[in-house]
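Chain order of the listed sequences is A and B. So the first sequence is numbered by our numbering: it starts at 5 and just counts up by one. So the second sequence is numbered by our numbering: it starts at 38 and just counts up by one.
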Amino acid sequence: MAAYLMRRAIMLAATLLVSSFVVFAGLSVAPGNPLATLSGGRSLPPESVAVLVQRYHLDEPFFVQYATWLGNAVRGDLGMSITLRHDVSELIGSRSGTTIALILYAALIVLLAGVSLGLLAALRPGIVDSLVVMSTAVVVAVPPFVAAIVLIGIFAVNLRWLPALGNGSGLWDGIRHLTLPAFALAAASTAAVARVTRTTVRAELGREHVQTAVSRGIPYQAVVRRHALRNAAVPISTLAGMTVASMIALAAVVERAFSLNGLGSYLVTAALSKDFAVVQGISLVLVTSFVLINTLVDVVAAVLDPRIKLGRRA
Amino acid sequence: MTAITALLGSSRPNRWGPLGTTAAIVILAAVALSVLGPALSSADPNASDFASAYAAPGAGHPLGYDGQGRDLLARLLTGSRTSLLGPLWVVALSMAAGTIIAIAAAWVGGWLDSVVSAALDVVFAFPGVLLAMLVAAVFGPGLSAAVLALSVAYVPYIARLLRSAALAERRKAYVQALEVQGLGAVAICLRHLVPNLIPLIAAQATLFFGYAMVDLAIVSYFGLGVQPPDADWGVMVAGGQSGVLQGYPAESLLAGGCIVVLVVAFNVLGERLSDGSGQGGTFGPSRWWRPRRGGAA
Numbered sequence: 005m006a007a008y009l010m011r012r013a014i015m016l017a018a019t020l021l022v023s024s025f026v027v028f029a030g031l032s033v034a035p036g037n038p039l040a041t042l043s044g045g046r047s048l049p050p051e052s053v054a055v056l057v058q059r060y061h062l063d064e065p066f067f068v069q070y071a072t073w074l075g076n077a078v079r080g081d082l083g084m085s086i087t088l089r090h091d092v093s094e095l096i097g098s099r100s101g102t103t104i105a106l107i108l109y110a111a112l113i114v115l116l117a118g119v120s121l122g123l124l125a126a127l128r129p130g131i132v133d134s135l136v137v138m139s140t141a142v143v144v145a146v147p148p149f150v151a152a153i154v155l156i157g158i159f160a161v162n163l164r165w166l167p168a169l170g171n172g173s174g175l176w177d178g179i180r181h182l183t184l185p186a187f188a189l190a191a192a193s194t195a196a197v198a199r200v201t202r203t204t205v206r207a208e209l210g211r212e213h214v215q216t217a218v219s220r221g222i223p224y225q226a227v228v229r230r231h232a233l234r235n236a237a238v239p240i241s242t243l244a245g246m247t248v249a250s251m252i253a254l255a256a257v258v259e260r261a262f263s264l265n266g267l268g269s270y271l272v273t274a275a276l277s278k279d280f281a282v283v284q285g286i287s288l289v290l291v292t293s294f295v296l297i298n299t300l301v302d303v304v305a306a307v308l309d310p311r312i313k314l315g316r317r318a
Numbered sequence: 038m039t040a041i042t043a044l045l046g047s048s049r050p051n052r053w054g055p056l057g058t059t060a061a062i063v064i065l066a067a068v069a070l071s072v073l074g075p076a077l078s079s080a081d082p083n084a085s086d087f088a089s090a091y092a093a094p095g096a097g098h099p100l101g102y103d104g105q106g107r108d109l110l111a112r113l114l115t116g117s118r119t120s121l122l123g124p125l126w127v128v129a130l131s132m133a134a135g136t137i138i139a140i141a142a143a144w145v146g147g148w149l150d151s152v153v154s155a156a157l158d159v160v161f162a163f164p165g166v167l168l169a170m171l172v173a174a175v176f177g178p179g180l181s182a183a184v185l186a187l188s189v190a191y192v193p194y195i196a197r198l199l200r201s202a203a204l205a206e207r208r209k210a211y212v213q214a215l216e217v218q219g220l221g222a223v224a225i226c227l228r229h230l231v232p233n234l235i236p237l238i239a240a241q242a243t244l245f246f247g248y249a250m251v252d253l254a255i256v257s258y259f260g261l262g263v264q265p266p267d268a269d270w271g272v273m274v275a276g277g278q279s280g281v282l283q284g285y286p287a288e289s290l291l292a293g294g295c296i297v298v299l300v301v302a303f304n305v306l307g308e309r310l311s312d313g314s315g316q317g318g319t320f321g322p323s324r325w326w327r328p329r330r331g332g333a334a
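Put into C-alpha cells, the structure is as follows:
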C-alpha cells in the first residue's frame, strides 16, 4: 500500500508539473511577443510595460520565467487581470464559491438519482427496466448546454417554477438559482451512473454468494444492500468520482448558459477578452483540482477494493 | 467517416443488430444532407430579414426563421458541414497520431515503451475543452485552433488503448514468423499489424467522433470556435438562447437536437463496432466514462 501511495504521489507531482508547464508555455508559444499576449494586444504606457517585464521576468531565460511564475502561483500570487486591474487570486477566490456549490449540488443529484434509478432498473426487470435503459441511453448523449436550453425552456419560461438566469441573493434564493444549472450539469452523468449501477448490480445479483444468501432465506432487501450493492459500490463510486472531475471543465458551459458568475464563465470571458493572466490562473486552478480529484478517486478505489493489484502497470 | 463507409461495404451489417444499423443509417443520412445542403434549401443561410424574426414556418421556409430573420433550414444544413467536418478532422488527426505512437511504443518496447506510457499517464490530466479554451486565448478564437487542441487532448486516450492491443498483436506467432522471414518492421506494421487493428481503430474513431462533436460544439457555444455569422450547430444553440427566454426555442432546440441525435448514433454504432472488435476496453456508456489508467478500472 505504501509503495502504491508513493507511486501515485510521484505521478501526481509529475502531472501537476506538466500541466502547469502547459498552462505557462501558452504564453511563449503565442504568435508575437509575450508582452503583446499579456496585454491582449492593447497598447500600454511604458510604465506598465516595465511592470509586466519585471513581473514575468521577460528579460530572463524561459525556464527562469517559468520557475518564478510557478513559485508565485504556489504562494497564491497569480498576477493581475489586465482588463479589471485587479488581483487574479482575489478574482478567482470571489467566484469559486459558485462553481464549488454548483458541482457539489450536481454531484449530489448524480449520486442520489443515478444510483436509485440504476437500482430500480436492476431490481424491476420488464417495463421499468426498459424505460430506464432507453431514457438513459438518450440522456447520456445530451451535452450540458442542450440540457440547459431544454430546462430553461420548460421550467423557467413555460412553467415559471424556477429562475433562469443569475446567481440570486441569500441562501434559499441561491439554491433556487442553482437548481436548474445543477440538473443541467448532472443530467448526462446521472444517466451514465444509472447505467453502470444497473449493469453492476445485475451482475452481482447473478453471482453465487448472492444466490446462496437468497436460498438461505435472508431477506431479499438485506441481500441487495449487504452483498450486491456493497460489491457494486467500487465501480459506481469510481465512475461518480470521475464524473465530478469532468464537471470541473463542464461547469463553464452551464455557468455560461445560466449567466452564473462562477470560475468557468469567467474563464470564457477572459479567453474572449484575451485577459491572459486570468486565463492562466483559472486554467491552473481547474487542472489542479481535476488532477487531485482523479488521483483521489484512484486511491479510494484501491483502498475500497483489495482486489485491485497495487503498484502494477496497466 | 471513410472508416465507417469502408466498414459498411466490407462487413455484414446484420452483426450490428437493428439498433446499430439504424445508427449507421442516421449517420449516412446526415452526411448526405450536409453534402446536398444548398440543393435542398434555396434560402441564403446568412441573409437576415429582421421583419421576419422568429417568424413561424411558411412556404419555402419549412422550419421558420431565427431571431435575426435568417432561414433556419438553410442554417441547419450549412451548419451540418462545419459540425461534421470539425469532428472528422479531430478524429483523423488524433487517430493517426495515437496509432503511430501506440504501434511505435509496442513495437520497439523497452525504454521507449516506458517513456511513452509514463508520458501518456501524465498528459491524461488535461480536459479537452479546457485545453481548447487555453489555445483559443493564445491563438485567438477559431475552428482550427479548437480542432488542434482537441486532437492533442484525445491522443493519450487513443494511444493507451491501441498500445495494449498492438502489444498483444506483436506477441502473436504470425508476427514472429514474418520477422524470421526477414520482413522489415515498417512493412510488418503497415501490411499486417495495422490491418488487424482496423476493427478496433474504427470502433474508437466512431466513439471519439461523438465526443469530438460535443466538445467542438461546446467550444463554439462559448464563442471560441466557429465564429458567427458562420452557421454551426454549437453557434446556433448559443445564438438561439435569447429566443428561448422569449418563448421561441426553435433555433436552439433544432440545433441541439441535431447534435444529440448524431451523438447517440455515433455512440450506438461505436459500441456495436467495439463489441465486434473483440476488445472489451470500451464498454463505457458515455463520454463521461473514459478508459482509465491501470488500477482503477
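All residues carry an ideal CB built from backbone N, CA and C; glycine is no exception.
- Can you tell which of B:Ala292, B:Ser117, B:Val172, B:Ile62 has the C-alpha that lies nearest to the C-alpha of Gly74 (chain B)? B:Ser117
- the stretch 67–82 of chain A: positions lying closer than 7 Å to chain B by Cβ: none
- Item | Nearest residue (CA-CA) to Gly245 (chain A), options A:Glu208, A:Asn298, A:Pro223, A:Gly157 | A:Asn298
- Task: Give me the Cα-Cα distance between Ala126 (chain A) and Ala141 (chain A), rounded to the nearest whole angstrom.
- Result: 15 Å
- Of all the residues that make up the stretch 242–260 of chain B, which are near chain A by a beta-carbon distance shorter than 8 Å? Gly247, Val251, Ala254, Ile255, Tyr258, Phe259, Gly260
- Query: Can at least three beta-carbon pairs, one atom from the stretch 288–307 of chain B and one from the stretch 59–66 of chain B, be found at a separation below 8 Å?
  - Reply: yes
- Considering only C-alpha positions, which residue in the set A:Ser277, A:Ala249, A:Met5 is nearest to Gly165 (chain B)? A:Ala249
- Under the three-state reduction of DSSP, which class applies to His61 (chain A): helix, strand or coil? coil
- Task: Go ahead and pull the three-state DSSP assignment for Asp252 (chain B).
- Result: helix
- Three or more C-beta pairs closer than 8 Å, one from the stretch 190–206 of chain A and one from the stretch 145–158 of chain A: is that the case here? yes
- Task: Please list the partners that Asp158 (chain B) has in chain A, where partner means a Cβ-to-Cβ separation under 7 Å.
- Result: Met15
- Message: Just checking: is the beta-carbon of Pro65 (chain A) within a distance shorter than 8 Å of some beta-carbon in chain B?
- Response: no
- On a CA-only basis, which of A:Ala255, A:Gly80, A:Val33, A:Leu108 is nearest Phe149 (chain A)? Give me that one, please. A:Ala255
- Terminal residues of the continuous alpha helix (DSSP H) containing Asn298 (chain A)? 280–308
- Got a sec: is the Cβ-Cβ distance from Ile156 (chain A) to anything in chain B below 8 Å? yes
- Span of the alpha helix (DSSP H), counted from its first residue to its last, around Arg230 (chain A): Premise fails: Arg230 (chain A) is in no alpha helix (DSSP H) and is neither H nor E.
- Given Thr203 (chain A) as reference, the closest of A:Arg46, A:Val218, A:Leu233 once Cα atoms are compared: A:Leu233
- Under the DSSP definition of a beta bridge, which residues are partnered with Ser85 (chain A)? A:His90
- Task: Taking His61 (chain A) as the reference, give the member of A:Gln69, A:Val55, A:Ala54 with the closest Cα.
- Result: A:Gln69
- Message: Using the Cβ count rule (16 or more neighbours within 10 Å means buried), how would you classify Gln105 (chain B)?
- Response: buried
- Beta-carbon neighbours of Phe280 (chain A), restricted to chain B and to distances below 9 Å: Ala174, Val175
- Item | Cutoff 8 Å: Leu167 (chain B) Cβ touching any chain A Cβ | yes
- Item | Counted within 10 angstroms of its Cβ, other Cβ atoms place Met5 (chain A) as buried (16 or more) or exposed | exposed
- Query: Ala71 (chain A) to Val282 (chain A), Cα distance in whole Å?
  - Reply: 18 Å
- Span separating the alpha-carbon of His181 (chain A) from that of Phe159 (chain A): 12 Å
- Query: Thinking just about the alpha-carbon of each residue, which of A:Arg206, A:Thr183, A:Tyr8 is nearest to the one in Ala229 (chain A)?
  - Reply: Per the sequence shown, the amino acid found at residue 229 (chain A) is Arg instead of Ala. The option with the nearest alpha carbon to Arg229 (chain A) is A:Arg206.
- Query: Between the stretch 274–293 of chain B and chain A, which residues of the former have a C-beta closer than 9 Å to a C-beta of the latter?
  - Reply: Val274, Ala275, Gly277, Gln278, Val281, Leu282, Gln283, Gly284, Pro286, Ser289, Leu290, Ala292, Gly293
- Query: Since Ile137 (chain B) meets chain A, which of its residues come closer than 9 Å, beta carbon to beta carbon?
  - Reply: Per Cβ cutoff of 9 Å: no residues; Ile137 (chain B) is ~20 Å from chain A at best.
- Pick helix, strand or coil for Tyr1 (chain A), following the three-state DSSP scheme. The requested residue 1 (chain A) does not occur in the structure, where chain A is confined to residues 5 to 318.
- Classification of Met10 (chain A) by the beta-carbon crowding that lies within 10 angstroms, buried from 16 upward: exposed
- Item | CB contact check: Val272 (chain A) to chain B, cutoff 8 Å | yes
- Query: By how many angstroms is the C-alpha of Tyr194 (chain B) removed from the C-alpha of Leu74 (chain A)?
  - Reply: 28 Å
- Message: Taking 8 Å as the threshold (C-beta atoms), are Leu204 (chain B) and Ile238 (chain B) in contact?
- Response: no
- Message: According to DSSP, simplified to helix, strand and coil, what is Tyr102 (chain B)?
- Response: strand
- Task: Can you give me the Cβ contacts of Arg317 (chain A) inside the same chain, cut-off strictly under 8 Å, excluding the 5 residues immediately before and after it?
- Result: With a pLDDT of only 43 at Arg317 (chain A), under the threshold of 50, the placement of this residue in the model should not be trusted, and no figure is reported.
- Buried versus exposed, by CB contacts within 10 Å (16 or more), Gln218 (chain B): exposed
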